[in-house]
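So the protein sequences, as listed, match chains A and B.
Count the first sequence with my numbering and you get residues 6 to 592, in order.
Count the second sequence with my numbering and you get residues 6 to 200, in order.
As structure tokens, the structure follows; a few thoughts come after it.
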Amino acid sequence: MSERASVPRAEEQPDEEHADEAEPVSTGAQSVVRALENAGTEFVFGVQGGAIMPVYDALYDSDITHVTMAHEQGASHAADAYGIVTGDPGVCFATSGPGATNLVTGIADASMDSDPVIALTGQVPTDFVGNDAFQETDTVGITQPITKESYFASHSDTVGDDVSEAFALADSGRQGPTLVDLPKDVTQGETEVEPKAPETPDTYEVQEEADDAAVQEAAEALADADRPVILSGGGVIKAEASSALREFAKEYEIPVITTMPGIGSFPEDHELSLEWAGMHGTGYANMAITNTDCMLAIGTRFDDRLTGGVDSFAPDADIVHVDIDPAEISKNVYADYPLIGDARKVLRQLFDAMPRAPAADEWREQCQDWKEEYPMEYDTPDDEPLKPQYVVERFSEVTPDDTIVCTGVGQHQMWASQFWEYTEPRTWVSSHGLGTMGYGVPAAIGAKLAAPDQEVVCFDGDGSFLMTVQGLSVAVRENLDITYVILNNEAVGMVRQWQDGFYEGRRMASEYPWIPQFDKLAEAFGARGFRLEDYGEVEETIQAARDYDGPSVIDAHIDPGENVFPMVPSGGDNGLFALEEDHLEML
Amino acid sequence: MPGPAPDERMRPEGRRNSQGIRVDPEAEVTHEPRQAVLSALVKHRPGVLAEVSGLFSRRQFNIESLTVGPTDDEDTARMTILIEEPEPGIEQAKKQLRKLVPVVEVTELEPAAVRRELALIKVDGEKPDDVNAVAEMYGGQAVDASTDSVTVEITGSKQKIDAAVDAFQQFDVREVVRTGAAALERGPTTLDNDD
Ligand SMILES: Cc1ncc(C[n+]2csc(CCOP(=O)(O)OP(=O)(O)O)c2C)c(N)n1
């Protein structure tokens, strides 16, 4: 069960009566759909096609809702967002060849962020496989490096089991994507075999609880620390460990930093919160990361956008690393105290094992001082073009705590993470590890369907929005109440920022003066469109877009000169973040 | 107004090396690569070799040889993988291997493990007796001969086969094929029962 913000999930119990009534399966395709039903699938995101057609035909008789996407990339992103918001696997379908390759970006994205996604792809009939048949690609070969496992279904009698297993695998241990490739003859073939209940393969073992002696040692190291911090990663949210984390941090009064995927795991309005660290994280979080002497890192893989150069990452700290995936231990940063297990369970173990709270009054004061010294600020003289941070902040202020924020990738993503105040898990839906432009439009669709009672807003860049703009047609058709806010700087702004900072301002291919009028484009799709240019209109435009019952697009023309700060240059030292352009030259 | 500039901020003393290990700034620790023999039991099914070799290439593990073949259990195959990496890389390779779904068991064999490689060496056939004599020196034997060529089979350690190939150069080596190492732990220990 998900710890998701406020709205209880609709009961997911399979309808008993219905289950009794269900016709026995007679084809492989029906067995595939039955496996999905058994696993509690609500939605499938996909696009039709020849090789997957038998599965769609079987879906015709199912209560599972199919959402036709405008592009398969959108199907995998929507499924990914669904997985983030609900905690249960999102499912996407595509046909063979180009359908499958279009899914790939979303699968890779899910893999980097450990999001539970199941991709079912059509394949040419078994006899044609390997012949370069029409719309054939080696989907298993292409996706193997970006899934927990890719299955090639070999027989109608077992295809349902393959899907059940893929489902269980995506959802257990460290979550992630799985794929089942479905040759057309296998799905068309006759079978009366009902799929087994979802179960992980026997070679897949997950250790849930950490070794008690190791927990004890780690707890003592933490209790002895003068400058302790908790670094809370995306794994905390995935393990439904946010409340355990809150209890732990509050009881032992340890400042909490999140990673970017960990946003929402600890309330940013709490005194102990230093918000998030990394390349564009807060100055105070990066100061604390750099100066801590003991870090309890939970469910994080120490991505380089977080650590900067590892040589300068928390260089004085003993590292207690909690992770469900043993391969993350000492992969990028050496763990002095490795604790393998489920974040929620290990946090409980640690809670009980702590001999005392660390004596860290001075350190906590120091952290508060850093908040004063390095506040998250921006200039807002009224005569300047609109500042993106202002739009994000105003929006954050008027929306409920459980509002879900989705983003594309770029500067807007950073502002949306910096200037929105997150207090609940599963309310921040963004592409971290892969950094996929175009994630926002379809992700918002998946998020809204996953949480119809929560408000959904997507901050997008003009470049990112254009990459998946066709998804608007889906939002309109499904009448999804999503507010898209394009922080429009007529550029791929993040690239331009790097060109200005590190390539002497040679703005090769980063300025987009030819972009469409997004408000009109929105209207052409059947959504509501707004154009926003002035400070004076911010509040009323946000309100009008929120009030509109359906998808709306605010084309916010922001100061094209605005850049994202603080900034740790790539591979740099977190403590040496630049607060402004001038600082970059000092680094 | 922004707070202190980068060079005026509180700074820690420590440092880590490129593997993320904290180091004494005076005595930088670097890990020299060493050779490790990994032995893995895997499900015997299509695609498993691609999965394992793909893992090694995309994670940039420096692989020396990889052999695979069936075991006494028809559902299981066994791979022997020689890698040369610094210590943390070897640990990572083992953990990443274990993560693959078709992998049942992974262990690193002791340096003393039994390790053998097979080579077939085809040389010029003008002096078959001399070729035979050299083959015998390396415990090998001729397995095929024609008027033009002799093919010799040698089994042994990598070093022994390297040396044999060198020795055969005098007869004009035309072709060599080597299997890469297969290895088993000495004594009664097996991959199934040791943990
Ligand atoms: C699919 C993809 N292509 C290219 C990039 C490289 N990239 C990273 S950020 C960025 C700029 C994004 O521009 P935009 O969406 O307009 O957002 P902004 O930075 O202007 O807010 C680019 C091109 C990427 N992350 N993803």
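Heads up, the beta-carbon is just placed ideally off N, CA and C, and yes, glycines get one too.
Please read all numbers here as calculations on a predicted model, not as lab measurements.
Residue i at chain A interface by Cβ criterion, 8 Å
i        : result
B/Ser70  : no
B/Gln97  : yes
B/Gln164 : no
B/Arg83  : no
B/Arg183 : no
B/Gln101 : yes
B/Val109 : yes
B/Val106 : yes
B/Lys48  : yes
B/Asp199 : In this predicted model, B/Asp199 has a pLDDT of only 47, less than 50, meaning its place in the structure is not dependable; the value taken from the coordinates is given anyway. It does not; no Cβ of chain A falls within 8 Å.
B/Pro93  : yes
B/Arg63  : yes
B/Thr195 : no
B/Pro52  : A quick correction: the sequence has Gly, not Pro, at residue 52 of chain B. Output row for B/Gly52: interface = yes.
Residue i to residue j span [Cα, whole Å]
i        : j        : result
B/Met15  : A/Glu429 : 32 Å
B/Thr195 : B/Glu115 : 12 Å
A/Pro405 : A/Tyr427 : 10 Å
A/Asp231 : A/Ala364 : 6 Å
A/Trp375 : A/Gly498 : 29 Å
A/Arg533 : A/Phe48  : 26 Å
A/Gly194 : B/Ala41  : 47 Å
A/Glu204 : A/Gly165 : 12 Å
A/Leu355 : B/Gly19  : 27 Å
A/Val573 : A/Phe582 : 4 Å
A/Asp458 : A/Val481 : 17 Å
B/Gln146 : B/Asp177 : 17 Å
A/Val90  : A/Ala455 : 6 Å
B/Ser151 : A/Gln140 : 49 Å
A/Pro386 : A/Ser155 : 54 Å
A/Met6   : A/Asp93  : The pLDDT assigned to A/Met6 is 43, lower than 50, so where the model puts this residue is not dependable, and the model offers no usable value.
A/Glu377 : A/Gly146 : 52 Å
A/Met381 : A/Ile151 : 36 Å
A/Asp384 : A/Gly304 : 36 Å
A/Ala550 : A/Val462 : 10 Å
A/Leu277 : A/Trp420 : 22 Å
B/Val155 : B/Gln175 : 13 Å
A/Val30  : A/Ser36  : 6 Å
A/Val315 : A/Arg501 : 26 Å
Interface residues of chain A facing residue i [CB-CB closer than 8 Å]
i        : result
B/Ala55  : Gly146 and Gln149
B/Met142 : Per Cβ cutoff of 8 Å: no residues; B/Met142 is ~45 Å from chain A at best.
Chain-ordered neighbours of residue i on chain B, where CB pairs are closer than 9 Å
i        : result
A/Asp316 : Arg20, Arg21, Asn22, Ser23, Gly25 and Val28
A/Gly580 : Pro11, Arg14, Met15, Arg16 and Pro17
Proximity test, Cβ basis, 8 Å: residue i and chain B
i        : result
A/Asn484 : no
A/Leu311 : no
A/Ala332 : yes
A/Leu439 : no
A/Glu370 : no
A/Ala583 : yes
A/Lys453 : no
A/Gly288 : yes
A/Ser11  : Reliability fails at A/Ser11, whose pLDDT of 46 lies under 50, so the model's placement of it is uncertain and the value that follows must be treated cautiously. Cβ-Cβ to chain B under 8 Å: no for A/Ser11.
A/Pro206 : yes
A/Lys189 : no
A/Met381 : no
A/Asn136 : no
Chain-ordered chain B contacts of residue i [CB-CB under 7 Å]
i        : result
A/Met591 : Ala10, Pro11 and Asp12
A/Thr305 : Residues of chain B passing the Cβ test: none, with the nearest at roughly 13 Å.
Residue i: contacting residues in chain A (beta-carbon distance under 9 Å)
i       : result
B/Gly59 : Gly146, Gln149 and Pro150
Closer than 8 Å at the beta carbon, the chain B residues around residue i
i        : result
A/Lys243 : The contacting residues do not exist; A/Lys243 stays about 17 Å from chain B at best.
A/Glu378 : Gly8 and Pro9
Under 7 Å by beta carbon: chain A residues contacting residue i
i       : result
B/Pro17 : Thr295, Asn296, Pro320 and Asp321
message = Quick check: the region 88 to 107 of chain B against the region 131 to 150 of chain B, are at least 3 beta-carbon pairs closer than 8 Å?
response = Verdict: no, contact absent.
query = Are there three or more Cβ pairs, one per stretch, closer than 8 Å when the region 332 to 352 of chain A is compared with the region 202 to 210 of chain A?
reply = Contact check between the region 332 to 352 of chain A and the region 202 to 210 of chain A: fewer than three CB pairs, one atom from each, fall below 8 Å, which does not count as touching.
request  = May I ask you to verify whether the region 248 to 260 of chain A touches the region 347 to 366 of chain A, counting CB pairs closer than 8 Å and requiring at least 3?
outcome  = As far as the Cβ criterion goes, the region 248 to 260 of chain A touches the region 347 to 366 of chain A, which means the pair count is three or higher.
query = Are three or more beta carbon pairs between the region 377 to 391 of chain A and the region 524 to 543 of chain A nearer than 8 Å?
reply = Short answer: they touch.
query = Using 8 Å as the threshold, is the region 121 to 130 of chain A in touch with the region 182 to 200 of chain A, meaning 3 or more CB pairs across them?
reply = Counting Cβ pairs under 8 Å, three or more are found: they touch.
task = Would you check if there are 3 or more beta carbon pairs closer than 8 Å linking the region 316 to 328 of chain A to the region 288 to 299 of chain A?
result = The region 316 to 328 of chain A makes contact with the region 288 to 299 of chain A: 3 or more CB pairs, one atom from each, lie closer than 8 Å.
ask   = Does the region 55 to 68 of chain B come close enough to the region 159 to 169 of chain B that 3 or more CB-CB pairs lie under 8 Å?
value = Counting Cβ pairs under 8 Å, fewer than three are found: no touch.
message = With three or more C-beta pairs closer than 8 Å as the rule, is the region 116 to 133 of chain B touching the region 184 to 192 of chain B?
response = Counting Cβ pairs under 8 Å, three or more are found: they touch.
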